[in-house]
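If you count the sequence shown from 1, you need to add 1166 to reach this note's numbering.
From the three backbone atoms N, C-alpha and C, an ideal C-beta is built for every residue, glycine too.
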Amino acid sequence: MTATGRPENGTVIALCGGIGGAKLAFGLSKVITDERLIVAVNTGDDFKHLGLHISPDVDTVTYTLAGIANPETGWGRADETWNFMDSLKAIGGETWFQLGDRDLALHVERTRRLRAGDSLSAITTDVRARLGITACVLPMSDDPVRTHVETDNGSMPFQNYFVERKCKPELRSIRFEGAQNAHVQHDIARALGDPDLRCVIICPSNPYLSIDPMLAVGEMRQLLTGTTAPVIAISPLVDGKAVKGPMSKIMRELGIEARHAAIAGHYDGLIDGFVVDSADEKIPDHVATAVENTLMATLEDKVRLARTALAFADEISTGQDVPGVRCA
Ligand code: FO1
């Protein structure tokens, strides 16, 4: 037990969006190798396409933790074939959203089960178990939450902006339809209220597109501010730039300076600690800061960052210095 009685073998909850977040979730799954790791995933990117219910971030996390994600794109599956897409194109179907043959099975089975009345949580739990994943991968909510963006080309659902239009429209604002009436997925809500919770880690996903939908769900913010466990965020910026995706463009269009301090400010009131890749920036004093290389290119990088985040959280829990964590 640690000084504050918080058992170091307590549950860890990772709030995770797409590709960047999934990398840290993978690293955490190599450190916490059982169901004490809960990966709560954004479902704001979900949409109905070709009559199928697609849950891109849930699938990206699931495939990543199962070690079968496409290493080039980060989304979809490795060793994929594209016969379905080729045939669909030949008959004039929509192919702007690429669904590989292996990936398609998951969308078809999920759609069938949702129509049969199963919850997204139950489906996700069965799929991750069948893929040999021990971590609890769970959607942030079983209620529908959909990210829509207001742009200079009008309002559109997230995937039409992100994939079909390749983030070219100028972003004006982002909204999460259904979030207020949605409930935090019940296992996540229970774990957030558990006195034995070890920590919450906000993964280095896009705060505005992938984490904000989660924070907008029902009582998520209250649960995060109500927990006695430390909440740690990893900055998604490396050298003051976004690692992947359109984050720099989005931050510019939202009028937000692409600096760690802006990310820390975005999470202000929710986080006890913030992990950044360099100490050369001023971070608000009331947030403890740890410095670590946050670029996750290799498995070792992902595991190292996971270990640093967990040690940092334990240090905040106990108020003691933990070897290996350099506080700025
Ligand atoms: N992203 C793309 O940029 N192009 C695609 O064709 C595409 C297909 C796709 C299929 C399944 C899936 O789970 C994800 C897919 N993604 C694709 C990624 C997805 O749009 C984004 O990664 C998330 O929604 C944002 O993190």
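Going by C-alpha to C-alpha distance, which of Asn1319, Gly1439, Ile1299 and Cys1333 sits closest to Cys1365? Gly1439
Work out the CA separation of Thr1317 and Pro1237 for me, nearest whole Å. 31 Å
On the three-state DSSP scale, how would you describe Ile1234? coil
What is the residue span of the beta strand (DSSP E) that Ala1180 lies within? Val1178 to Cys1182
If you measure between the beta carbons of Ala1382 and Phe1342, is that distance less than 8 Å? yes
Coarse secondary structure for Asp1405, derived from DSSP in three states: coil
Tell me the DSSP secondary structure of Pro1379 in three-state form. helix
C-alpha distance - Thr1484 paired with Asp1211, whole-angstrom precision: 37 Å
Any heavy atom of ligand 1 closer than 7 Å to the Cβ of Leu1286? no
Please say whether Val1311 and Pro1379 have beta carbons closer to each other than 8 Å? yes
Using C-beta distances below 7 Å, list every residue in its chain close to Thr1168, excluding the 5 sequence neighbours before and after it, in chain order. Residue placement at Thr1168 is poorly supported in this model, since its pLDDT is 49, which falls under 50; the coordinates still yield a value, given next. Excluding residues within five positions, the ones whose Cβ falls inside 7 Å are Glu1174, Asp1480, Ser1483 and Thr1484.
Distance cut-off 7 Å: Ile1220 Cβ against heavy atoms of ligand 1: yes
List the endpoints of the continuous alpha helix (DSSP H) containing Arg1268. Asp1267 to Arg1281
What do you get for Gly1242, buried or exposed, if any count of 16 or more other CB atoms within 10 angstroms of its CB means buried? buried
Going by beta-carbon coordinates alone, are Gly1217 and Thr1226 separated by less than 8 Å? no
Can you check the region 1440-1491 for any beta strand (DSSP E) of at least 3 residues that lies completely inside it and give the ranges in chain order? 1454-1457
Can you check which of these residues, Gly1184, Ile1198 and Gly1176, is closest to Ala1472 by C-alpha distance? Ile1198
Spatial neighbours of Pro1323 within its chain, please: CB distance less than 7 Å, with the 5 preceding and 5 following residues excluded, ordered by chain position. Phe1213, Arg1312 and His1314
Is the region 1249-1260 touching the region 1299-1308, taking contact as three or more C-beta pairs under 8 Å? no
Which residue spans inside the region 1311-1386 form an unbroken alpha helix (DSSP H) run of at least 4? 1352-1359 and 1378-1382
Please work out which residues of its chain come closer than 8 Å, Cβ to Cβ, to Ala1494, disregarding the five sequence neighbours upstream and downstream, and give them in chain order. Confidence at Ala1494 is low in this model, with a pLDDT of 49, below 50, so the placement of that residue is unreliable and no value is reported for it.
Let's see if you can read the secondary structure: which residues bound the alpha helix (DSSP H) around Ile1429? His1426 to His1432
Assigned secondary structure, Ile1289 (DSSP; H/G/I helix, E/B strand, else coil): helix
Lys1468: buried (16+ other C-beta within 10 angstroms of its C-beta) or exposed? buried
If you draw a straight line from the alpha carbon of Gly1298 to that of Gly1320, how long is it in whole angstroms? 43 Å
Using only alpha-carbon positions, find the residue among His1219, Leu1190 and His1215 that is nearest to Val1205. Leu1190
Along the beta strand (DSSP E) that carries Ile1416, what are the first and last residues, could you check? Counting along the chain, Ile1416 falls outside any beta strand (DSSP E), though it belongs to the alpha helix (DSSP H) covering Met1413 to Glu1419.
Just to confirm my understanding: we take Ala1180, look at its own chain, exclude 5 residues before and 5 after, and list those with CB closer than 6 Å. What are they? Ala1191, Leu1194, Val1205, Ile1367 and Cys1369
Proximal residues to Leu1254 (C-beta, below 7 Å), its chain only, five neighbours per side dropped: Thr1261
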